[in-house]
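One gets our numbering by counting positions in the sequence shown from 1 and adding 14 to each.
Just so you know, even glycine gets a beta-carbon here, dropped at the ideal spot from N, CA and C.
From a predicted model like this one, the values you see are computed outputs, not experimental measurements.
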Amino acid sequence: MTLVEGDVLDTDVSTLLGGKADAVLSDMAPDTTGTPSADQFRSARLCDELLDRLPGWLRLGGACVMKVFEGEAYPELLARASRAFERARGFKPAASRAESVEIFLICTGYLGETISGEGSSGHQLPRRPSGW
Ligand SMILES: C[S@@+](CC[C@H](N)C(=O)[O-])C[C@H]1O[C@@H](n2cnc3c(N)ncnc32)[C@H](O)[C@@H]1O
15 MTLVEGDVLD TDVSTLLGGK ADAVLSDMAP DTTGTPSADQ FRSARLCDEL LDRLPGWLRL
75 GGACVMKVFE GEAYPELLAR ASRAFERARG FKPAASRAES VEIFLICTGY LGETISGEGS
135 SGHQLPRRPS GW
């Protein structure tokens with residue numbers, strides 16, 4: 015097993031893997047600020063950045079599960095995931111505290127997306143400011 019510690023968004027995952035993965039699982043969450051709307055937005059943005067990288071990381075037909083804080087930006091994230099996968103749905107496991115806004119976005123049957131530049135994927139969430 016190889017353990018790599020660092021910012022996954024700045025890591026050349028496909029080179030580490032030597033190819034594309036069958037599944038990508040993310041339990042990532044941003045450092046919380048105590049402002050729920052900001053935390054929810056940052057969580058959705060993190061997932062959006064993960065989706066940006068899937069063309070290089072995930073094989074067609076593969077699956078992706080990612081933790082996200084459900085909030086204002088979630089419907090747009092779900093809409094994007096629904097375009098990129100055959101099926102995408104939010105799931106709240108029994109093990110997740112009822113008072114937590116965390117859910118898991120379960121996506122199967124990766125269809126691929128063309129990411130050719132800023133804003134090209136059709137999503138509206140702004141880029142990650144430096145320092146996130
Ligand atoms: C809910 S915790 C995950 C806990 C982990 N599953 C465990 O059992 O220890 C969220 C984690 O996401 C990590 N994270 C957030 N953004 C990240 C990024 N861009 N790259 C790598 N890890 C990130 C944080 O450092 C934090 O440790």
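| Asked | Found |
| --- | --- |
| Using only alpha-carbon positions, find the residue among E86, P69 and V115 that is nearest to G123. | P69 |
| Alpha carbons only, please: which of D26, L91, I120 and E84 is nearest the one belonging to A77? | I120 |
| Among the residues of its own chain, which have a CB less than 6 Å from the CB of M42, if the five just before and after it don't count? | L60 |
| Please go through the segment 18 to 99 and give each complete beta strand (DSSP E) segment of 3 or more residues, from N-terminal end onward. | 35 to 40 and 72 to 83 |
| Please classify A108 as buried or exposed, where buried requires at least 16 neighbouring CB atoms within 10 angstroms. | exposed |
| Please state the DSSP three-state secondary structure of A102. | strand |
| Any residue with its C-beta under 5 Å from a non-hydrogen atom of ligand 1 counts. Can you list them all in chain order? | D21, V22, L23, D41, M42 and A43 |
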